[in-house]
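Peer 1: What follows is a single structure, and I will ask about it in a moment.
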Amino acid sequence: MHHKRLIWQLYPSQLLIALAALLAFTWYGTSSIRSFQLSETAAGLEARAHLVASSILVYLGHDDLVGLEAFCREVGKKSATRLTVITPDGKVLADSDEDPARMENHNDRPEIIAALAGKTAPSLRFSQTLQENLMYVAIPLEDQGHRRGVLRVAIPVTAMDKALSAIYQKIIWGCVIVALLAALVAWFIARRISKPLEQMKLGAERFSRGDFAGRMREEGAEEVAALARALNEMATQLDGRIQTIVSQHSQLQAVFASMVEGVITVDTEERILEVNQAGAQLLNVDPEKIKGKSILLAVRNTHLQNFVKNALACAVPMEGEFSSRMGADGKEKYFYAHGARLQDGQGRITGALIVINDVTNLRRLESIRRDFVANVSHELKTPITSIEGFAETLLDGALDEPESARRFVEIIGKQASRLHAIVEDLLALSRVEQEAKREEIVLQELPIAEVLQSAIQICSSRAEKENMAISLACAPTITAGINPALFEQAVVNLLDNAVKYSGKGSEIKVEAEKKAGEVLIRVCDNGVGIASQDISRIFERFYRVDKARSAKLGGTGLGLSIVKHIVSAHHGHIGVESTPGKGSVFTIHLPVEYNIK
Numbered sequence: 007m008h009h010k011r012l013i014w015q016l017y018p019s020q021l022l023i024a025l026a027a028l029l030a031f032t033w034y035g036t037s038s039i040r041s042f043q044l045s046e047t048a049a050g051l052e053a054r055a056h057l058v059a060s061s062i063l064v065y066l067g068h069d070d071l072v073g074l075e076a077f078c079r080e081v082g083k084k085s086a087t088r089l090t091v092i093t094p095d096g097k098v099l100a101d102s103d104e105d106p107a108r109m110e111n112h113n114d115r116p117e118i119i120a121a122l123a124g125k126t127a128p129s130l131r132f133s134q135t136l137q138e139n140l141m142y143v144a145i146p147l148e149d150q151g152h153r154r155g156v157l158r159v160a161i162p163v164t165a166m167d168k169a170l171s172a173i174y175q176k177i178i179w180g181c182v183i184v185a186l187l188a189a190l191v192a193w194f195i196a197r198r199i200s201k202p203l204e205q206m207k208l209g210a211e212r213f214s215r216g217d218f219a220g221r222m223r224e225e226g227a228e229e230v231a232a233l234a235r236a237l238n239e240m241a242t243q244l245d246g247r248i249q250t251i252v253s254q255h256s257q258l259q260a261v262f263a264s265m266v267e268g269v270i271t272v273d274t275e276e277r278i279l280e281v282n283q284a285g286a287q288l289l290n291v292d293p294e295k296i297k298g299k300s301i302l303l304a305v306r307n308t309h310l311q312n313f314v315k316n317a318l319a320c321a322v323p324m325e326g327e328f329s330s331r332m333g334a335d336g337k338e339k340y341f342y343a344h345g346a347r348l349q350d351g352q353g354r355i356t357g358a359l360i361v362i363n364d365v366t367n368l369r370r371l372e373s374i375r376r377d378f379v380a381n382v383s384h385e386l387k388t389p390i391t392s393i394e395g396f397a398e399t400l401l402d403g404a405l406d407e408p409e410s411a412r413r414f415v416e417i418i419g420k421q422a423s424r425l426h427a428i429v430e431d432l433l434a435l436s437r438v439e440q441e442a443k444r445e446e447i448v449l450q451e452l453p454i455a456e457v458l459q460s461a462i463q464i465c466s467s468r469a470e471k472e473n474m475a476i477s478l479a480c481a482p483t484i485t486a487g488i489n490p491a492l493f494e495q496a497v498v499n500l501l502d503n504a505v506k507y508s509g510k511g512s513e514i515k516v517e518a519e520k521k522a523g524e525v526l527i528r529v530c531d532n533g534v535g536i537a538s539q540d541i542s543r544i545f546e547r548f549y550r551v552d553k554a555r556s557a558k559l560g561g562t563g564l565g566l567s568i569v570k571h572i573v574s575a576h577h578g579h580i581g582v583e584s585t586p587g588k589g590s591v592f593t594i595h596l597p598v599e600y601n602i603k
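All residue numbers for the sequence shown refer to the working numbering, where the first residue is 7 and numbers rise by one.
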């Protein structure tokens, strides 16, 4: 792209400004002179008209048209002014220059129309009668409130135009001389400004090549000298900062290479910019060969490809898991990835950073733990069922000492029931986890109001015993992708906790709404509340805020954990807000749009 030199950018603009100012001055001056001359001429004509108006009214009063015409010709000749007397209907009665009988009706003349309206409006136009430009001024002729006609006076403006033309020529020649002087001055100023800047350009080119040894001379105007000082200071700072950047880059490269986590950076087109040695080993690729290639071609894993795409599209950092058989041994491995967009100093998106951790061992241990819970639950269920059977038999009066026997049997039955509840919860939790993992949980787009109402009915009997009221606020049009049975179980668990930990006569509210691309379901109570240090752990298995109270109320410590896993299986999440002594609000967040299988 060709760029003009600075002098050819400054000089034409300065010259154009000077010429534009001169043209504006010329136009304004000539217009003002002409306007002033015309206004003075119009005022003189109006004065002449008023001087002869009384005499004309005398002739009109005696209907002496011959005397009127003679008077107009005599006065017009002496004053070099054309006088015309016109009736209110536009007929010409007398004229100082022409025969009134041959003149047309004047009721359409602008000055006549204005005079009949009681106004004075000068008019400048070409006269077809006299074949020259005339200025016309008309005044009304009134005698004791009675309008007798209109007196129009006019003079040719040819002489005035000639005088104005002579003035215009002098002004134009003066402007030409001033324009030439302005051109010379503009060239001198532009040259003085551009010359030191050209020298600075040469110095800046040296700086761009990395030559910071030389410095620019601080000469010329203060602004130019200040610019030279600023460039010299910039060169000093750039030299120091480049050295710092080189040093820091070396350190970052060392850290990048020694990280045990796999790190991948991509640009906005999903092309790989950098990958460290750990990342190359995790993905079983050559780090040098895949640089510059699209992630679609470099890594044959659709989960990672989709994660990179989502990381570039998402405004907030994101996390996710994926599996792969890309290792040298061909075994399936599990990875946990963190992704975040990269931005430059102006806030523009330049790419994304992906950090990958190998969590294969953690997934294996988690699988062992889940299997252990399931196996233990199955092993405990049979003896617990037997204990309940014997306890019921004893309670029917099979023992000789009914009083003592009943008390012990009640204890056995109570503990057996509690163990049974724990086993049932463990089984439910394990079932939800396994089905969610295998994606066997079927979700349907259904109205949630019916499910919420069913859950309230299940808990209503216990709530009525405690004199509690459960209210529902949910529009029938709100839908979400849910598994009705599992979702109902989650809401029942939340309502059961609300009933347990709220005092008698309390009110429990169930609310649902659509907001910001989500369906929100809230269960609100005014119970004992949860301390802030416990909120982050209440969804852990067997975690109890108040162990004594939980055991007394029959809690297993698994209800909220089941709720969390059910909500997670619905591709949502759950949050809680609570204040000790004031109550709690559990909120289930479900996505509005989800691909239902």
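Note that the Cβ used here is the ideal one computed from N, Cα and C, for glycine as well.
Predicted model, so just to flag it, every value in this text is computed and none were measured.
For M265, does the count of other Cβ atoms within 10 angstroms reach 16, so buried, or fall short, so exposed?
Peer 2: M265 should be labelled exposed.
Peer 1: Mind the definition here: the segment 502-517 touches the segment 457-470 only if three or more C-beta pairs lie below 8 Å; say whether that holds.
Peer 2: Yes, the segment 502-517 is in contact with the segment 457-470.
Peer 1: Please state whether DSSP places F218 in a helix, a strand or coil.
Peer 2: DSSP places F218 in coil when its eight states are reduced to three.
Peer 1: Which first and last residues belong to the alpha helix (DSSP H) in which E294 is found?
Peer 2: It spans 293-296 - the alpha helix (DSSP H) in which E294 sits, taken as one unbroken run.
Peer 1: Which partner residues does Q450 have in the DSSP bridge list?
Peer 2: For Q450, which the question treats as bridged, DSSP gives the partners I488.
Peer 1: Here's the rule: buried if 16 or more other CB atoms are within 10 angstroms of the residue's CB, otherwise exposed. What is D531?
Peer 2: It counts as buried.
Peer 1: Buried or exposed for F194, going by 16 or more other Cβ atoms inside 10 Å?
Peer 2: So F194 counts as exposed.
Peer 1: Classify T32 as helix, strand or coil using the three-state DSSP reduction.
Peer 2: Here T32 sits in helix by DSSP.
Peer 1: What is the rounded straight-line gap between the Cα of Q352 and the Cα of I296?
Peer 2: Near 29 Å, if we compare the C-alpha coordinates of I296 and Q352.
Peer 1: Between M141 and L130, how many whole angstroms is the CB-CB distance? I'm expecting something under 8 Å.
Peer 2: So it is a contact: roughly 5 Å between Cβ atoms.
Peer 1: Mapping the DSSP letters down to three states, classify D149 as helix, strand or coil.
Peer 2: Strand at D149.
Peer 1: Quick one: what does DSSP say I544 is sitting in, helix, strand or coil?
Peer 2: I544 falls in the coil class under three-state DSSP.
Peer 1: Could you check where the beta strand (DSSP E) with V361 kicks off and where it finishes?
Peer 2: 355-364 is the extent of the beta strand (DSSP E) around V361.
Peer 1: Using a Cβ-Cβ cut-off of 6 Å (strictly less than) and excluding sequence neighbours within five positions of G587, which residues of its own chain qualify?
Peer 2: For G587, where only same-chain residues beyond five positions count, the Cβ hits under 6 Å are G535.
Peer 1: Start and end of the beta strand (DSSP E) containing Q352?
Peer 2: Segment: none, Q352 is in no beta strand (DSSP E) and carries neither H nor E.
Peer 1: Which class does A554 belong to by DSSP, given the choice of helix, strand or coil?
Peer 2: Summary for A554: the model assigns pLDDT 49, below 50, so the residue's position carries little reliability, and this model does not support an answer.
Peer 1: In whole angstroms, give me the CA-to-CA distance for R154 and G67.
Peer 2: Between R154 and G67, the C-alpha separation is close to 9 Å.
Peer 1: So does the segment 79-86 actually touch the segment 114-124, counting three or more Cβ pairs closer than 8 Å?
Peer 2: No, they do not touch.
Peer 1: Between L28, A107, P597, which has its C-alpha nearest A522's C-alpha?
Peer 2: Of L28, A107, P597, the residue nearest in Cα terms is P597.
Peer 1: Going by the beta-carbon positions, is the gap between A286 and V314 smaller than 9 Å?
Peer 2: Taking 9 Å as the Cβ cut-off, A286 and V314 do not qualify as a contacting pair.
Peer 1: Grouping DSSP H, G and I as helix and E and B as strand, with all else coil, what is N381?
Peer 2: Confidence at N381 is low in this model, with a pLDDT of 49, below 50, so the placement of that residue should be treated as unreliable; the coordinate-derived value is given next. Correct three-state label for N381: helix.
Peer 1: Tell me which residues share the same chain as R212 and place their Cβ nearer than 7 Å to its Cβ, disregarding the 5 neighbours each side in the sequence.
Peer 2: Closer than 7 Å at the Cβ level, and outside the excluded window around R212, lie G220.
Peer 1: Express the C-alpha separation of V365 and F328 in angstroms, rounding to a whole number.
Peer 2: Spanning the two alpha carbons is a distance of roughly 10 Å.
Peer 1: If you draw a straight line from the C-alpha of V322 to the C-alpha of R347, how long is it?
Peer 2: Spanning the two alpha carbons is a distance of roughly 8 Å.
Peer 1: For S542, which of E524, K471, G268, S567 has the nearest alpha-carbon?
Peer 2: Checking every option, the nearest Cα to that of S542 belongs to S567.
Peer 1: From A503 to V529, what distance separates their C-alpha atoms?
Peer 2: Per the sequence shown, residue 503 should be read as Asn rather than Ala. Between N503 and V529, the C-alpha separation is close to 10 Å.
Peer 1: Could you check what DSSP says for M7 in three-state terms: helix, strand or coil?
Peer 2: Residue placement at M7 is poorly supported in this model, since its pLDDT is 49, which falls under 50; the coordinates are not used for a value here.
Peer 1: With 16 other CB atoms within 10 Å as the buried threshold, where does L368 fall?
Peer 2: Exposed is the call here.
Peer 1: Using only the alpha-carbon positions, how far apart do A232 and T250 sit?
Peer 2: Going from the Cα of A232 to the Cα of T250 covers about 27 Å.
Peer 1: Look at the alpha carbon of G4 and the alpha carbon of L187, and state the distance between them as a whole number of angstroms.
Peer 2: Residue 4 is absent from the structure shown; the chain starts at 7 and stops at 603.
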